[in-house]
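One structure is given below, encoded as structure tokens.
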């Protein structure tokens, strides 16, 4: 499992606004080339998000299905990218002063990723996820402004990425 966390200098409600707009995933999810479709009831349980992902000439279509949704607190997705299998993506938002402590866990569920699971793959996924959370933090602070209440770290997009 690859785990990444980040302090985002805006309240959880603002970060949740971005997560609950499926059409915006391409702005912050690294590797997403295009959001093909977002069901109107996104992010309710069972809602689907279809995206085109790729690096260079390698492109495939991916479907994310919401498995757990607790608004402003928790969102868990199952990302299916055949023939590569599926992965669990768990996002948790915790209030931290007037900011958001964002936790992102990635774990392969089916397919070749389960056999390649381990330190090298988890490290690469954690680096990718760190890039995603940096983008998400920048968008959130740019659109909503930094939180002014509570004690928190400085910087335009929050504290650095931590893996654990």
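In the working numbering, the protein residues as written are -2 to 161.
Backbone N, C-alpha and C fix where the C-beta goes; we use that ideal spot for every residue, glycine too.
Between the Cα of residue 105 and those of 129, 98, 118 and 8, spot the shortest distance and give me the residue it belongs to. Counting from one through the chain shown, the residue named residue 105 turns up at place 108. Ranking 129, 98, 118 and 8 by Cα distance to residue 105 puts 118 first.
Which whole-angstrom value is the C-beta distance of residue 45 and residue 61, which I expect to be below 8 angstroms? Residue mapping note: residue 45 aligns to position 48 of the chain shown, counting from 1. Residue mapping note: residue 61 aligns to position 64 of the chain shown, counting from 1. Correct: roughly 7 angstroms between the Cβ atoms.
Give the single residue among 74, 31 and 70 whose Cα lies nearest to the Cα of residue 12. Taking the chain shown and counting its residues from 1, the one referred to as residue 12 is at position 15. Measuring from the Cα of residue 12, the nearest candidate turns out to be 70.
Quick check: what's the CA-CA separation for residue 68 versus residue 34? Mapped onto the chain shown, residue 68 falls at position 71. Mapped onto the chain shown, residue 34 falls at position 37. Each residue's Cα considered, the two are about 21 angstroms apart.
State the start and end residues of the unbroken alpha helix (DSSP H) segment that holds residue 14. Indexing the chain shown from 1 puts residue 14 at position 17. From DSSP, the alpha helix (DSSP H) with residue 14 extends over 9 to 16.
Measure the beta-carbon distance from residue 1 to residue 130 and round it to whole angstroms, keeping in mind my assumption that it falls under 8 angstroms. Taking the first residue of the chain shown as position 1, residue 1 is located at position 4. Taking the first residue of the chain shown as position 1, residue 130 is located at position 133. 6 angstroms between Cβ atoms; contact.
Could you name the residues that DSSP lists as bridge partners for residue 75? Along the chain shown, one-based indexing puts residue 75 at 78. DSSP, once it has assigned bridges, lists 62 and 85 as partnering residue 75.
Measure the Cβ-Cβ separation of residue 84 and residue 100 and say whether it is below 9 angstroms. Within the chain shown, numbered from 1, the residue matching residue 84 stands at position 87. Within the chain shown, numbered from 1, the residue matching residue 100 stands at position 103. Cβ atoms of residue 84 and residue 100: not closer than 9 angstroms.
Alpha-carbon to alpha-carbon, residue 102 and residue 127: Position 130 of the chain shown holds residue 127. Position 105 of the chain shown holds residue 102. The C-alpha of residue 102 is placed about 11 angstroms away from the C-alpha of residue 127.
Where DSSP assigns a beta bridge to residue 91, which residues make up the other side? In the chain shown, counting from the first residue as 1, residue 91 sits at position 94. DSSP, once it has assigned bridges, lists 98 as partnering residue 91.
Given a cut-off of 9 angstroms on the beta-carbon distance, is the pair residue 171 and residue 40 in contact? One cannot answer for residue 171 here, as it falls past the ends of the chain, which runs -2 to 161.
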